[in-house]
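Asks: I'd like to ask you about the structure that follows.
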Amino acid sequence: MKTSLKAVAALLLCLVSVPTTVPAQSTQADSLRNLVETLLTDFMFAEGKPTLRLASLPSNMPELRLPPGTRVVGSLEYPKMSMSLLRSDNSADLVRQVRASLESNGWSYKAPETTAGFSLDGASISARLCADSAFIIVGPSRDQHVFVLHSTDPMTRGNCREPPARDADGRPRSPLPRLNPPAGAGSVGWGSTGGGDSWSYRNRLNSDLPLSQISDHYVKEISLAGGETGASNAMASAITVPLTLKDTQGVMWRGMMVVIATSPGTRSVYIELSQ
Numbered sequence: 366m367k368t369s370l371k372a373v374a375a376l377l378l379c380l381v382s383v384p385t386t387v388p389a390q391s392t393q394a395d396s397l398r399n400l401v402e403t404l405l406t407d408f409m410f411a412e413g414k415p416t417l418r419l420a421s422l423p424s425n426m427p428e429l430r431l432p433p434g435t436r437v438v439g440s441l442e443y444p445k446m447s448m449s450l451l452r453s454d455n456s457a458d459l460v461r462q463v464r465a466s467l468e469s470n471g472w473s474y475k476a477p478e479t480t481a482g483f484s485l486d487g488a489s490i491s492a493r494l495c496a497d498s499a500f501i502i503v504g505p506s507r508d509q510h511v512f513v514l515h516s517t518d519p520m521t522r523g524n525c526r527e528p529p530a531r532d533a534d535g536r537p538r539s540p541l542p543r544l545n546p547p548a549g550a551g552s553v554g555w556g557s558t559g560g561g562d563s564w565s566y567r568n569r570l571n572s573d574l575p576l577s578q579i580s581d582h583y584v585k586e587i588s589l590a591g592g593e594t595g596a597s598n599a600m601a602s603a604i605t606v607p608l609t610l611k612d613t614q615g616v617m618w619r620g621m622m623v624v625i626a627t628s629p630g631t632r633s634v635y636i637e638l639s640q
């Protein structure tokens, strides 16, 4: 993504620098524009054929109120995503104005994350704003440019998720409550790992208890912590149960619990969750 932003910015600036007052130069600019659009069809991560717009914002972007003195260098528009390059002598104020414009129209502000993938000339994310789609504002950069990315692609909705809660030691906090094994079953090895938008839990038990009894126990543990479970599906040597629960930040997690008879006298519990 870092390379993509810099490449798009460089291409937009290159195109803007080509005068269009002379027919030969206009043909040069049109040829260059066609070349860039063709290359970016395969180069960028967005789907569909792009349209390069010089000195104008994308047609599929919600209206932005830009402060006086803002120069729209250009934009790159895909069916579900657009990227715009803006410039201002006071680019820090430009970032504030863009954010205020979006918030006044119902967009919610999310604290920016330190994300190495989003960068432009040394600048990182200044703001994330979310509604039915996502806005990423990158900048101001050293040369006073501000990059605005707008996306309606569900693949980029992860940019609107809150960063995971962390414990005192800095490790991501599990969205699951503390899960105790059922009476009569001893844990011989368990683990819980994850971060970002996914989490995994596993526990191996020394037990001959029926799978339904173990499943019912963990369903009760999760329900007592405010989680919800769907109808279980019993098979010959396994039971699956869909789960839904909120973590301490109010973020919704969904997934599945699987209880398996791995061998005589051994039962395994697996939980996979994602936002």
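Numbering (our numbering) for the sequence shown: 366 to 640. Note that CB positions come from ideal geometry on N, CA and C, so glycine has one too.
(1) My output table needs one value for Y566: the three-state DSSP class, helix, strand or coil.
(2) Leaving aside the five residues before and after Q509 along the sequence, list all residues of the same chain whose C-beta is less than 7 Å from its C-beta, in chain order.
(3) Within 10 angstroms of its Cβ, does G351 collect 16 or more other Cβ (buried), or is it exposed?
(4) DSSP has A635 in a bridge; who is on the other side?
(5) Does DSSP put L516 in a helix, in a strand, or in coil?
(6) Under the criterion of a Cβ to heavy atom distance below 7 Å, does R569 qualify as lining the ligand PLP?
(7) Using three-state DSSP, classify A492 as helix, strand or coil.
(8) Looking at S516 and S498, is the spacing between their C-beta atoms short of 8 Å?
(9) Out of T609, L450, L459 and A496, point me to the one whose CA is closest to N470's CA.
(10) Report, in whole angstroms, the separation of the C-beta atoms of M621 and L608, which I expect to be a contact under 8 Å.
(11) Since E586 contacts P542 with CB under 8 Å, what's their CB separation in whole angstroms?
(12) Within its chain, find whatever has a CB closer than 6 Å to the CB of E593; leave out the 5 residues flanking it on each side and keep chain order.
(13) Measuring only the C-alpha atoms, how far is R632 from L570?
(14) Output the boundary residues of the beta strand (DSSP E) element that contains S648.
(15) Hey, out of V623, D612 and V624, whose CA is closest to Q640's CA?
(16) DSSP beta-bridge partners for S473?
(17) Name the two residues that bound the continuous alpha helix (DSSP H) containing V616.
(18) Does the distance from the C-beta atom of V437 to that of P505 stay below 8 Å?
(19) Could you have a look at S424 and say whether DSSP puts it in helix, strand or coil?
Replies: Taking the coordinates as given:
(1) Looking at Y566 - three-state DSSP - the assignment turns out to be strand.
(2) In chain order, R452, S453, D454 and S456 place their CB closer than 7 Å to the CB of Q509, counting only its own chain and leaving out the 5 sequence neighbours on each side.
(3) Because the chain in this structure spans residues 366 to 640, residue 351 falls outside the shown range and cannot be described.
(4) Reading the sequence as shown, one finds Tyr at residue 635 and not Ala. DSSP output for Y635 lists R567 and V623 as bridge partner(s).
(5) According to the sequence provided, residue 516 is Ser. The question's Leu does not apply to it. Residue state, collapsed to three classes: strand.
(6) This structure lacks the ligand PLP; in fact it carries no ligand of any kind.
(7) Reduced to three states, the DSSP call for A492 is strand.
(8) Yes; because the gap between Cβ atoms is below 8 Å, this pair is in contact.
(9) For N470, the nearest C-alpha among the options comes from A496.
(10) Your pair M621 and L608 checks out as a contact, with CB atoms roughly 7 Å apart and the cut at 8 Å.
(11) E586 to P542, Cβ: 7 Å. Contact.
(12) Its chain contains T609 as the residues whose beta carbon lies nearer than 6 Å to that of E593, once the 5 sequence neighbours on both sides are disregarded; these appear in chain order.
(13) Between R632 and L570, the C-alpha separation is close to 5 Å.
(14) A question about residue 648 goes unanswered here, because the residues of the chain that appear run from 366 up to 640.
(15) With distances taken between Cα atoms, Q640 lies closest to D612.
(16) The bridge partners DSSP lists for S473 are C495.
(17) Taken as a continuous stretch (DSSP letters only), V616 belongs to no alpha helix (DSSP H), as it is neither H nor E.
(18) For V437 and P505, no; Cβs fall outside 8 Å.
(19) In the structure shown, S424 sits in coil (DSSP, three-state: anything other than H, G, I, E or B).
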